[in-house]
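In what follows, a structure is listed as structure tokens, so that the remarks can point back to it.
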Amino acid sequence: MSAYALQEADNEVMAAAKPETEPLIAARNVNVFYGDKQALFDICLDVPEKQVTSLIGPSGCGKTTFLRCLNRMNDLIDICRVTGDITIGGKNIYDPDVDVVALRAQVGMVFQKPNPFPKSIFENVAYGLRINGLAGSKGELKDSVERSLKQAGLIDEVYDRLEAPGTSLSGGQQQRLCIARAIAVEPKVILMDEPCSALDPIATARIEELIDTLREKFTIIIVTHSMQQAARVSQQTAFFHLGYLVEYGATDTIFTAPSDERTESYITGRIG
Amino acid sequence: MTDIIKASLPGLPRRHAAERRFQLYGKLAITMALGFLVVMIGMIGVSSIGAFTQTQIALSINFDSDSLDPEGTRDPATLAQANYSSLEKAALREVFPQVKGRRDKRKLYGLVSSSAQFTLQNKVAANPALVGTTGKFWFVASDDVDQLVKGNIDASLPETSRRMSDKELGWVEQLRASGDVQRVANVSFFTSGDSREPELAGILSAVMGSALSLLVCFVLSFPIGIMAAIYLEEFAPRGRWSDLIEININNLAAVPSIVFGLLGLAILLNTFGLPRSTPLVGGMVLALMTLPTIIIASRASLRAVPPSIREAALAIGASEVQTAFHHIAPLALPGMLTGAIVGMARALGDTAPLLMIGMVAFIVDIPASILEPATALPVQIFLWADSPERAFLEKTSAAIMVLLLFLVLMNLAAVLLRKKFERRF
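So the protein lines, in turn, are chains D and H. Those letters in the first sequence? Residues 0 to 271, by numbering that gives the first Met the number 0. Those letters in the second sequence? Residues 0 to 424, by numbering that gives the first Met the number 0.
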């Protein structure tokens, strides 16, 4: 499929999806502070369901910080403070009655550096199913693990060595294993924090294909440094700069006709 | 073409010289350290060799049935109460008929260790058919004879300034001439407890005391230390309280061990009335002493687990407890075990706290439980080093060698465990 045709198809999806569905994730006036330093300023962002939304911007602009607000990973940082509302499916995830563990089971995450557990390939995927009580019997567990590995496009490479350590795989395979691990628990949302930055172009291409197929089932938010990648995989793009959300809209609009000059400077390589 | 590599950098020879000089210093330092170690262990090792052999004297014993079992019943109770000492004395008198007078006879009997009568008693108990027969048996020689045979008593000194008189030297010489003196491996050193008689003193009671104390120490300090470390590292909110606790743990690690001994004496013995001199109390005191070491080492190895593992677990919906126990703790376990073993090795070598809680007593019996009075290896070394008999000198060195062997084994175990369980991330 040519790039043009792909964009055409994407436009059709958006045209169909936008009017009738509520945004799955809605951020309203999100401010994030690390101690005294403010990292994000009044971010308002709606993420549509079952699409890929990419967050781009120069280093230190706050895109990863925003991503980590969505599954409250920032809670791990003692000095980090978040104000404003982030609703997922209508529920404010910063409400005091929200269970972070349950939230993270619904909002999975794939990290910049592949981080499989130092356990077998099977265990890596099975762990989330087990702790979340998603597999009744051993057979079910095995089926779920294999289904997840298949969805992540890894099954053919590891079918005969599920007991091998996850860390013995190549970088790209490890990252797909991490994706399999994330989708095994069937989250609504998958957050990806520069998932390809540690990979070579071939492994990157495989992950990008994978993201494209995963869009059918999951809402994906991806942070990336590569504007080509954002253009290739995402339908929505948000440009962050110095802690502000500068521009947000359909990917092709952002890349072809940005309305803000900072966006234009960034995508043409003048700042960043 | 000019040699571009050679032409460059005027200061290069000086830099190379500095590097060679530094390497030389390093090698010198290592050589000196190793040299001291070799000299120390070598000297102790050489002086300990004697303790691993013992001298025995052969005597032909006549198991006189009239004196042992006058009624001829071969009843074990009668045999057990018979006077075996007289058999051994009679045998000595037979070899040396020329010895007259009570003082000389007493000296003559002193050639053989006082354990001879028990040796005979055990032989008869095991085989009552011996009664009425005559046979030649080997008996442990007294420590003076032992030292003489090992060459530690200088016969060329004047009689008054050495342990053995000319007469005794003559007797031993006569026995040697007739082939009735031998040196054999000293098995009893490893199988018997302490004794006032150097030739009978063994190390087993001290080894058992140390082993039981360390067992108590490990059972208490390892789980408590690990739990404390996991809580402090993974769960405790950072703040003034956690800082205070951290500082105090670090301080406790540096507290002299005798202070822990005093604590044990004041609280465990005097307040709670736990039994004195027992491995239970010894182990508890050593556990108090080891805890800070284990906590510090465990926290360090928990911190060494990459945060990416923690994030990975949390991001698929593991709770913090699950993250800590399914992922972080298993990866940190080798480091925790190493810390624990190093702490235990320190506890094994420590004397001061045990002195305070009474594990310094003279214990002959081999402790079978943590509630029986016991002593420990370093205390045994201290006690033997304090004894005046020449023969205890080599026992002291031998006990030090045994202690060092255990320390080496424990450290080896720490290295092997770490190698075995270490996982790459």
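We put the CB at the ideal spot given by N, CA and C, even for glycine. Small disclaimer: the values here were computed from a predicted structure and weren't measured.
Cα-Cα separation, residue i to residue j
i	j	result
L209 of chain D	A151 of chain D	7 angstroms
V359 of chain H	C79 of chain D	56 angstroms
E421 of chain H	T166 of chain D	14 angstroms
E371 of chain H	G107 of chain D	58 angstroms
K166 of chain H	Q97 of chain H	11 angstroms
A323 of chain H	L301 of chain H	9 angstroms
I433 of chain H	S66 of chain H	Given a span of 0 to 424 for chain H in the structure shown, any question on residue 433 of chain H remains unanswerable.
R239 of chain H	G25 of chain H	43 angstroms
S141 of chain H	Q116 of chain H	13 angstroms
P200 of chain D	Q173 of chain D	15 angstroms
N28 of chain D	A413 of chain H	54 angstroms
S258 of chain D	E319 of chain H	44 angstroms
P69 of chain H	A125 of chain H	19 angstroms
E93 of chain H	T395 of chain H	36 angstroms
I43 of chain H	D145 of chain H	19 angstroms
P387 of chain H	E196 of chain H	11 angstroms
G248 of chain D	Q228 of chain D	16 angstroms
A373 of chain H	G170 of chain D	58 angstroms
T212 of chain D	T52 of chain D	14 angstroms
I92 of chain D	L140 of chain D	29 angstroms
Neighbour-count burial assignment, residue i, 16 or more Cβ in a 10 Å radius
i	result
N269 of chain H	exposed
P377 of chain H	buried
M163 of chain H	buried
G224 of chain H	buried
P47 of chain D	buried
P278 of chain H	buried
V232 of chain D	buried
Contacting residues, own chain, Cβ-Cβ under 6 angstroms from residue i (five flanking each side not counted)
i	result
I3 of chain H	none
T86 of chain D	A25
N114 of chain D	none
A296 of chain H	G338
I189 of chain D	G107, A181, F217 and I219
G242 of chain D	A38, L39, F40 and G61
A227 of chain H	I294
M191 of chain D	V109 and I221
Nonlocal neighbours in the same chain, by C-beta distance under 8 angstroms from residue i, ignoring five residues either side
i	result
V12 of chain D	Below a pLDDT of 50, predicted positions are generally treated as unreliable, and V12 of chain D, at 42, falls in that range; the measurement from the model is reported next regardless. Excluding residues within five positions, the ones whose Cβ falls inside 8 angstroms are Q50 and Q234.
Secondary structure of residue i, DSSP reduced to three states
i	result
E139 of chain D	helix
L238 of chain D	Per the sequence presented here, residue 238 of chain D reads as Phe, with Leu not at that position. Reduced to three states, the DSSP call for F238 of chain D is strand.
I202 of chain H	coil
N121 of chain H	helix
D84 of chain D	strand
T52 of chain H	strand
P47 of chain D	coil
L273 of chain H	coil
K118 of chain D	coil
M108 of chain D	strand
N410 of chain H	helix
A253 of chain H	coil
A197 of chain D	coil
D103 of chain H	helix
M191 of chain D	strand
R182 of chain H	strand
F62 of chain H	coil
I297 of chain D	Since the displayed chain D opens at 0 and closes at 271, residue 297 of chain D lies outside it and no answer follows.
A151 of chain D	coil
Neighbourhood of residue i by C-beta, 7 angstroms cutoff - its chain only, sequence neighbours within 5 removed
i	result
I154 of chain D	E145 and L148
D193 of chain D	The question names Asp, but residue 193 of chain D in the sequence shown is Glu. Q111, V222, T223 and H224, listed in sequence order.
S191 of chain H	L199, G201 and L203
I365 of chain H	G192, L203, S204 and M207
C68 of chain D	V29, V31, V81 and I85
R161 of chain H	I152 and D153
P127 of chain H	R73 and L78
F381 of chain H	T350
Chain-ordered neighbours of residue i on chain A, where CB pairs are closer than 8 angstroms
i	result
Q321 of chain H	Annotation note: the requested chain A is absent from the structure, which comprises protein chains D and H.
Taking one C-beta from the region 346-360 of chain H and one from the region 314-321 of chain H each time, how about it: are there three or more such pairs within less than 8 angstroms?
The region 346-360 of chain H makes no contact with the region 314-321 of chain H; the number of CB pairs closer than 8 angstroms stays below 3.
Is the region 35-46 of chain H close to the region 94-113 of chain H, with three or more CB pairs under 8 angstroms?
Touching, no.
May I ask you to verify whether the region 284-293 of chain H touches the region 240-254 of chain H, counting CB pairs closer than 8 angstroms and requiring at least 3?
Yes, they touch.
Do the region 86-95 of chain H and the region 106-125 of chain H make contact, defined as three or more Cβ pairs closer than 8 angstroms?
As far as the Cβ criterion goes, the region 86-95 of chain H touches the region 106-125 of chain H, which means the pair count is three or higher.
Could you tell me whether the region 240-247 of chain H touches the region 303-312 of chain H, where touching means 3 or more Cβ pairs closer than 8 angstroms?
With a cut-off of 8 angstroms, the region 303-312 of chain H and the region 240-247 of chain H do not count as touching, because too few Cβ pairs lie within range.
Three-pair Cβ contact test at 8 angstroms for the region 125-133 of chain D versus the region 58-68 of chain D
By the criterion of at least three beta-carbon pairs nearer than 8 angstroms, the region 125-133 of chain D is not in contact with the region 58-68 of chain D.
Taking contact to mean at least 3 C-beta pairs separated by less than 8 angstroms, is the region 81-96 of chain D in contact with the region 251-267 of chain D?
No, the region 81-96 of chain D does not touch the region 251-267 of chain D.
Pairing CB atoms from the region 175-185 of chain H with CB atoms from the region 49-59 of chain H, are three or more of them under 8 angstroms?
Verdict: yes, contact present.
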